[in-house]
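Data first, discussion second: the structure below is written as structure tokens.
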Amino acid sequence: MALAGRAALRWGTRLPGPCPAAGPLCRPAWLPAARCERPYSSRDEGKLDMSMYPVESIRNFSIIAHVDHGKSTLADRLLEITGTISKTDRNKQVLDKLQVERERGITVKAQSASLFYNHEGINYLLNLIDTPGHVDFSYEVSRSLSACQGVILVVDANEGIQAQTVANFYLAFEAQLSIIPVINKIDLKNADPERVEKQIEKLFDIPREECIRVSAKQGTNVEKVLQKVIEKIPPPQCNTADPLKALVFDSTFDHYRGVIANIALFGGEIAKGQKIVSAHTKKRYEVNEVGILTPNEQPTHKLYAGQVGYVIAGMKEVTEAQIGDTLFLHKQPVEPLPGFKSAKPMVFAGMYPIDQTEYNNLKSALERLTLNDSSVTVHRDSSLALGAGWRLGFLGLLHMEVFNQRLEQEYNMSVILTAPTVPYKAVLSSAKLIKEYGKDQITIINPAQFPDKLSVSEYLEPTVLGTIVTPHEYIGKIITLCQDRRAVQKEMLYIDENRVMLKYLFPLNEIVVDFYDALKSLSSGYASFDYEDAGYQSADLIKMDILVNGNPVEELATIIHKEKAYAAGKLLCERLKETIPRQLFEIAIQAAIGKKIIARETLKAYRKNVVAKCYGGDITRRMKLLKRQAEGKRLMRKIGNVEVPRDAFIRVLKRETDK
């Protein structure tokens, strides 16, 4: 009988009566806990009723901070205190779900979680979004803030205010959000919360009495943060009686269920079975599932105005869930929400499959990954040496590295990523070119498109306003570094007696490769750097070609400032000399600007010892043999064609970290 009873308990079997075990994931007593994966009761019985949380008892907030100031650790403690996750020693970076995040110890994707908290007898729904801290992911931060009414600004009690702290504060300030300053890591030996409070008061004009001192690692004072969130952050301004209006602020792709869209409701309610329409694509969908993230997906009956959750509506194509899109009910059209201004790529790189047979697989992987990371721009591109590929735009170098790492880890794709470049502009003076392009200013992403100086009135290069926060003893070295990178000083401010904030206007191509590494090594790791777009400025730009045996190699052409051309040309020639295989004739590797050669390396020929058979005898015999050999080499050089092998391109084009 017992066996028959067990046989009847197949997965998904609906049993009469209430669930005999406690908790949402219950199981028969004889079943080992490790195998308890599905609810014992029917799926609908386990769903949460979100109508218990009216708009007045909802708080939507983000955690923002500089890199490594303890955002994810604070999020872990908040999840534990509210009972969302059980307290264990293994709770580290619970919201950092990507492998690359756990390996590097940084947050790359903003992750949301719903917390339930009882304060003074009232049940509150707190929607928390943990955001990245690195400057390359500031687009994630600005998107997350659109779904919030307030932020927790975390500052390290040891490090104090850093460059990204300032940048994130102004993002929240411009969005007119309530700001709760939290000083973290007060348990450290060198922590100085008084100094940090003075910095916050001086820079952000927030009274020091409002700062909360916590230790997220040990859980000290974290409960006070939750109470402050309820008291200080206002509830969302929306109404359940209004028509449905939902903002898609993030999305992921599931192989079985299609697109999972993260939404913030600005009006109305959404439930399974409803017909919804996308304002962007005008396509109609039926809602299959709605729910909240706790931080795992938890299905609910409905979602109401002011709440943050997810919706699965059978979107099969990755292009259908545009981030910033508005969803509304089929018969009740609404004015679309303003959405997000598209991310502006700062760095471009060519991406090609290692084997051209992998092209379609890589295309599919790119589409799915760009759905999850909408700040990457993709343009088709092709190269004679590397075949068909794409030109990708990234927000920065770390963003590029993380994207490449995610392609390898999540989609098992190995790719060739070329050296990063930045987008330049040219103001055309030639009437013929203006007519051809239909405008007098063009953007140059690929050096092959670089127009001749005779048809251009001026070239423009992108600039950024960089903020450096550093201990005062390193100022001299850092100013020298900035001057070497053609930067112009704009401001210098002492935050306190030990720390200085410098503002410089940088050409973007000077900081894009190794500036951050150089800054960290000069300042023993203490200086921090952040930048924002500052438009374009006139520059003396030139196109540098690489010639192999007098023939230009298109893939190795670069756009560069005139001052830096010689050093860059010499480096490229030296690197090519090491990678091109030797031939039976001499090969000249040259860097040229127009007709002028600025650097040269010579790859010596293989040479047979033709005089080895001469034992003594007249000198004219030796000279005759050597002269004949030289004539043969000369003829060979005339008709010989040097093909730069593919692996040589890969080695030269890949960004060299040891140069």
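All residue numbers for the sequence shown refer to full-length UniProt numbering, where the first residue is 1 and numbers rise by one. All residues carry an ideal CB built from backbone N, CA and C; glycine is no exception.
- CA-to-CA, the gap between residue 227 and residue 58 works out to about 13 Å.
- If you look at residue 524, you'll find it isn't in any beta strand (DSSP E); DSSP assigns it neither H nor E.
- Apart from sequence neighbours up to five positions away, the residues of its chain that approach residue 232 with a beta-carbon distance below 8 Å are 150, 178 and 180, ordered along the chain.
- Annotation: residue 624 to residue 592 spans about 37 Å, alpha carbon to alpha carbon.
- Counting along the chain, the unbroken alpha helix (DSSP H) around residue 399 starts and ends at 397-411.
- According to DSSP, residue pairing for residue 596 in a beta bridge involves 593.
- Judged by DSSP secondary structure, residue 431 falls within the alpha helix (DSSP H) whose first and last residues are 431-437.
- Straight through space, the alpha carbons of residue 156 and residue 185 are spaced by roughly 6 Å.
- DSSP lists 127 as the bridge partner or partners of residue 114.
- Scanning its chain for C-beta atoms nearer than 8 Å, with the 5 sequence neighbours on each side dropped, one finds around residue 535 the residues 462 and 463, in chain order.
- Annotation for residue 479: the continuous alpha helix (DSSP H) segment containing it runs 475-484.
- DSSP places residue 502 within a strand segment (E or B) once states are collapsed to three.
- With respect to residue 270, residue 290 sits close: the two C-beta atoms are nearer than 7 Å.
- A Cβ-Cβ distance of about 6 Å is found for the pair residue 369 and residue 406, placing them in contact under the 8 Å criterion.
- Here residue 459 is buried: its Cβ has 16 or more other Cβ atoms, across all protein chains shown, within 10 Å.
- Rounded to whole angstroms, residue 512 and residue 619 show a C-alpha spacing of 60 Å.
- Proximity of the segment 534-549 to the segment 402-419 falls short of the contact definition, fewer than three beta-carbon pairs being nearer than 8 Å.
- Between the beta-carbon of residue 311 and that of residue 334 there is about 16 Å, and that puts the pair past the 8 Å contact cut.
- Sorting 451, 362, 138 and 251 by C-alpha distance to the C-alpha of residue 594 places 451 at the top.
- Note on geometry: alpha-carbon atoms of residue 202 and residue 161 lie some 11 Å from one another.
- Inclusion of residue 389 and residue 352 in the CB contact set at 7 Å is warranted, their separation being smaller than that value.
- The residues 345 and 393, in chain order, have a CB closer than 6 Å to that of residue 377 in the same chain once the five nearest residues on each side in sequence are set aside.
- Nearest in C-alpha terms to residue 114, of all of 60, 165, 145 and 143, is 60.
- Contact check for residue 131 against residue 142 fails: the beta carbons are separated by 7 Å or more.
- For residue 350, the pairing in a beta bridge is given by DSSP as 391.
- The three-state secondary structure of residue 509, taken from DSSP, is helix.
- Between residue 516 and residue 506, the C-beta spacing is not below 7 Å.
- If you compare the alpha carbons of 419, 586, 245 and 626 with that of residue 330, the shortest gap goes to 245.
- Annotation for residue 307: no beta strand (DSSP E) segment contains it, and DSSP assigns it neither H nor E.
- When Cβ pairs closer than 8 Å are counted between the two stretches, the segment 435-455 is seen not to touch the segment 473-484, the count staying below three.
- By the neighbour-count criterion, in which a residue is buried when 16 or more other Cβ atoms sit within 10 angstroms of its Cβ, residue 499 is buried.
- Boundaries cannot be given for residue 257, as no beta strand (DSSP E) includes it and DSSP labels it neither H nor E.
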